[in-house]
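Input: a single structure, listed below in structure tokens.
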Amino acid sequence: MSGITGVYYKEKLIPDRAAVLRMINENLTRGNDYVQVYVEEQIGFGFNALNLTTESMRERQPFSKEGITIMADVRLDRRERLVNEFNQSGMHSSIQETDVELLWKAYRKWGIDFPKYIYGEFSFAIWDANVKRLLCGRDYLGFRPLFYKWNGKNLEFSSMLEGLIYGTNHSLKWDREYFIEYITEQGFVRTDKTPYEGVKRLPAAHILILQEGRLEVKKYWDIEQIKDIEYSDSEIYEERFREIFFQSVKDCMRSNSPVSVAMSGGLDSTSIFSAGQLLNEKNNKTEFFPVSLVFDKYASDDERKYIELINQKYNVRSREIVADDLWSFKNFPYDAPSTAEPFVNASTFGVQESLYAKAKEANSNIMLTGAGGDEVLSGSNLVISDYIWNFKWGKAIRDVKQLAYLREEPFFKNLLQYGIHPLFKKVQMNASPWLAKDIQDAMTVKGIARGRLARGKQENQITTNITPFIDQYIAAPLGMEARHPFLDRELVEFLIAIPMEQKLQGSIKKLILKNAMKEILPEPIRKRIDKTAHYSVIYSGLQREWPEMAKAYSKGYLADLGLVDHEGFKKDLHLWRQGETNNVDYLWTIATLELWFYRLENKKPKKLHG
Numbered sequence: 001m002s003g004i005t006g007v008y009y010k011e012k013l014i015p016d017r018a019a020v021l022r023m024i025n026e027n028l029t030r031g032n033d034y035v036q037v038y039v040e041e042q043i044g045f046g047f048n049a050l051n052l053t054t055e056s057m058r059e060r061q062p063f064s065k066e067g068i069t070i071m072a073d074v075r076l077d078r079r080e081r082l083v084n085e086f087n088q089s090g091m092h093s094s095i096q097e098t099d100v101e102l103l104w105k106a107y108r109k110w111g112i113d114f115p116k117y118i119y120g121e122f123s124f125a126i127w128d129a130n131v132k133r134l135l136c137g138r139d140y141l142g143f144r145p146l147f148y149k150w151n152g153k154n155l156e157f158s159s160m161l162e163g164l165i166y167g168t169n170h171s172l173k174w175d176r177e178y179f180i181e182y183i184t185e186q187g188f189v190r191t192d193k194t195p196y197e198g199v200k201r202l203p204a205a206h207i208l209i210l211q212e213g214r215l216e217v218k219k220y221w222d223i224e225q226i227k228d229i230e231y232s233d234s235e236i237y238e239e240r241f242r243e244i245f246f247q248s249v250k251d252c253m254r255s256n257s258p259v260s261v262a263m264s265g266g267l268d269s270t271s272i273f274s275a276g277q278l279l280n281e282k283n284n285k286t287e288f289f290p291v292s293l294v295f296d297k298y299a300s301d302d303e304r305k306y307i308e309l310i311n312q313k314y315n316v317r318s319r320e321i322v323a324d325d326l327w328s329f330k331n332f333p334y335d336a337p338s339t340a341e342p343f344v345n346a347s348t349f350g351v352q353e354s355l356y357a358k359a360k361e362a363n364s365n366i367m368l369t370g371a372g373g374d375e376v377l378s379g380s381n382l383v384i385s386d387y388i389w390n391f392k393w394g395k396a397i398r399d400v401k402q403l404a405y406l407r408e409e410p411f412f413k414n415l416l417q418y419g420i421h422p423l424f425k426k427v428q429m430n431a432s433p434w435l436a437k438d439i440q441d442a443m444t445v446k447g448i449a450r451g452r453l454a455r456g457k458q459e460n461q462i463t464t465n466i467t468p469f470i471d472q473y474i475a476a477p478l479g480m481e482a483r484h485p486f487l488d489r490e491l492v493e494f495l496i497a498i499p500m501e502q503k504l505q506g507s508i509k510k511l512i513l514k515n516a517m518k519e520i521l522p523e524p525i526r527k528r529i530d531k532t533a534h535y536s537v538i539y540s541g542l543q544r545e546w547p548e549m550a551k552a553y554s555k556g557y558l559a560d561l562g563l564v565d566h567e568g569f570k571k572d573l574h575l576w577r578q579g580e581t582n583n584v585d586y587l588w589t590i591a592t593l594e595l596w597f598y599r600l601e602n603k604k605p606k607k608l609h610g
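UniProt numbering puts the first residue of the sequence shown at 1, with every later residue one more than the last.
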């Protein structure tokens with residue numbers, strides 16, 4: 001993880017190095033191993049490095065060759081495959097080359113379409129002086145951020161939104177449409193909006209092309225366009241999954257330091273550790289170890305019995321953190337950093353940071369996480385509706401029977417809920433009456449994609465997975481990087497393409513992972529059907545920190561923007577504290593958004609107004 005910043009002038013002027021350095025200064029939490037500024041006519045690039053691989057230690061950015069200047073916050077995966085492609089096309093390449101050198105070659109080989117053909121996490125900027133063109137881009141899920149401002153003459157861009165908010169001299173105004181999308185998407189924004197009018201994010205899987213003063217943003221990858229895969233034998237699915245999964249873990253372990261895993265006792269993180277341990281033993285690589293949260297006071301949250309099974313099987317000892325006193329919102333409003341945009345998972349900053357700090361004590365700069373496992377592996381019981389629509393009644397009845405048995409509910413209740421009703425109604429969220437009408441309207445999904453409801457739901461979950469807060473505000477300030485093997489592009493494409501019954505059959509979720517990890521995972525973990533949620537530390541935090549949080553909720557920030565009725569919101573918030581759980585996802589999103597405004601008051605970027 002590193003930081004990139006830059007400016008582009010339509011007129012043939014040389015940018016001010018000091019202006020680039022001011023933006024770099026707001027990016028330094030993303031890396032401070034070295035800082036480099038490059039300027040020429042029309043363009044100014046600034047790079048601040050965090051070197052976490054052997055190859056990056058030899059790297060200097062911005063990198064210039066043959067009139068092409070490139071800088072990138074990048075970790076390329078499937079490097080061997082990429083090098084082979086270059087060699088086969090006559091571009092002599094070596095696995096020892098740095099990521100930015102390989103990225104330069106990819107641009108030379110495929111032109112502006114090159115992001116379609118590479119794997120990994122990246123944001124980049126390329127100035128091609130040969131054609132006077134600036135090209136910027138982000139990886140397929142947007143792990144590496146990139147924001148920009150364009151006024152028709154000048155462009156400014158930065159890895160961190162802070163670089164454009166604190167590092168420039170523009171006045172700012174809240175963008176109400178951003179907050180509507182943030183609320184309706186429960187804390188995720190997939191468009192180009194930010195909280196500030198005139199400041200945009202480059203969306204995931206998009207490139208930005210700026211040439212002769214004309215700016216164009218294009219999408220290069222679409223999850224809906226992934227074609228289905230069908231094999232003749234279930235074992236083929238398992239073998240192919242295992243191959244891609246192990247390759248993903250291997251790529252994520254590329255490091256110049258010990259590698260750690262944030263490991264609970266759940267199926268996802270233990271699978272990552274087990275795969276990594278087998279790879280590590282085979283290749284005699286760097287030190288590799290798990291870090292785990294344990295609880296003495298909250299027995300329902302403690303997973304020591306599963307963690308110990310991994311310790312015994314692989315003869316390791318997890319580095320444990322007793323997390324009873326790391327409750328959510330601890331020391332609010334100083335529980336989390338003040339950020340230029342809100343994140344719903346900021347409430348868990350303290351407990352998440354403790355994991356990374358523990359790993360850092362053991363000199364680990366890389367932590368693997370199970371993020372995305374639920375989204376890519378679990379599937380959706382709406383597949384019952386899809387089976388019915390496609391006349392696959394046998395599969396529909398099989399899944400309904402399994403659900404009814406697990407839930408101890410009538411067969412026909414589950415058939416109606418998951419099979420029949422979704423075919424004949426529009427989906428509308430339970431919008432609270434105290435929400436503004438434009439938010440309520442946005443919560444109504446107009447029309448349904450009959451026959452692909454389950455896949456559509458999974459596509460939405462994958463492309464709204466939230467990892468930037470952990471990556472940018474927890475890992476990076478410690479000089480670390482979080483990596484997420486389940487969100488590997490090739491793995492995601494495979495898991496979207498295969499039949500839903502390979503992932504889910506009635507009550508059995510993550511079927512393909514469970515089958516692929518036979519004899520690799522301890523059986524009690526492989527056969528787990530429950531999931532620990534750590535609600536105890538959340539409710540403990542709400543109880544302990546409520547007096548200060550109540551001050552934030554009295555402010556009415558969203559009411560000032562015309563987004564909520566303040567009294568109605570506070571009434572529902574009170575009911576939630578008393579155990580009323582209706583519509584809790586949206587209430588939680590709005591509650592954490594109000595807290596973000598309160599934190600931000602201590603670090604306002606500019607005088608903001610509605």
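Here a beta-carbon is modelled for each residue, glycine too, at the ideal position from N, C-alpha and C.
By the 16-neighbour rule on beta-carbons within 10 angstroms, residue 253 is buried. DSSP places residue 592 in the uninterrupted alpha helix (DSSP H) bounded by 584 to 600.
Separation of the CB atoms of residue 246 and residue 376 is rounded to 15 Å, and the pair is thereby denied contact status at 8 Å. With the rule of 3 Cβ pairs closer than 8 Å, the region 53 to 62 counts as touching the region 92 to 101. The continuous stretches of beta strand (DSSP E) do not include residue 555, and DSSP gives it neither H nor E. DSSP, read as helix, strand or coil, puts residue 334 in coil.
In the DSSP assignment, the residues bridged to residue 150 are 155.
With distances taken between CA atoms, residue 519 lies nearest to 270 out of 270, 128, 69 and 550. Sequence-distant partners of residue 310 (beyond 5 residues in either direction) whose C-beta falls short of 6 Å from its own C-beta, in its chain, are 270. If you check the CB distance, residue 470 and residue 563 do not come in under 8 Å. Residues 387 of the same chain have their beta carbon placed closer than 6 Å to that of residue 395, with the five preceding and five following residues left out of the count.
Between residue 437 and residue 266, the C-beta gap is not smaller than 8 Å, which leaves the two residues out of contact. Per DSSP, residue 202 lies in no beta strand (DSSP E) segment and is marked neither H nor E.
Contact annotation: residue 7 and residue 151 have beta-carbon atoms that are not nearer than 8 Å. For the alpha helix (DSSP H) assignment, the uninterrupted runs of no fewer than 4 residues enclosed by the region 473 to 555 are, from N- to C-terminal side, 489 to 497, 511 to 516, 523 to 526 and 535 to 553. Per DSSP, residue 418 lies in no beta strand (DSSP E) and is assigned neither H nor E.
Taking the Cα of residue 53 as reference, the smallest distance to any Cα among 480, 512, 217 and 542 is reached at 480. Note that the C-beta distance between residue 498 and residue 237 is below 8 Å. When secondary structure is reduced to three states using DSSP, residue 238 falls in the helix class. Boundaries of the alpha helix (DSSP H) harbouring residue 311: 304 to 314, taken from the DSSP string. Burial state of residue 1 is buried, judged by a 10 Å Cβ sphere holding 16 or more other Cβ atoms.
By the beta-carbon neighbour count (other beta carbons within 10 angstroms, threshold 16), residue 15 is buried.
Residue 14 carries a coil assignment under DSSP once its states are collapsed to helix, strand and coil.
Between the region 402 to 409 and the region 283 to 298 there are fewer than three C-beta pairs closer than 8 Å, too few to call the two in contact. Under the Cβ criterion (8 Å, minimum of three pairs), the region 333 to 348 counts as touching the region 179 to 199.
Non-local C-beta neighbours of residue 424 in its own chain, meaning closer than 7 Å and more than five positions away in sequence, are absent. Contact check between the region 137 to 146 and the region 454 to 468: three or more CB pairs, one atom from each, fall below 8 Å, which counts as touching. With a 10 Å radius around the Cβ and a threshold of 16 neighbouring Cβ atoms, residue 463 comes out buried.
In the structure shown, the three-state DSSP call for residue 125 is strand. Beta-bridge partners assigned by DSSP to residue 292: 320. Taking each of 11, 572 and 5 in turn and checking the Cα distance to residue 20, the smallest one comes out for 5. A residue is called buried once 16 or more other Cβ atoms fall within 10 Å of its Cβ, and residue 91, having fewer, is exposed.
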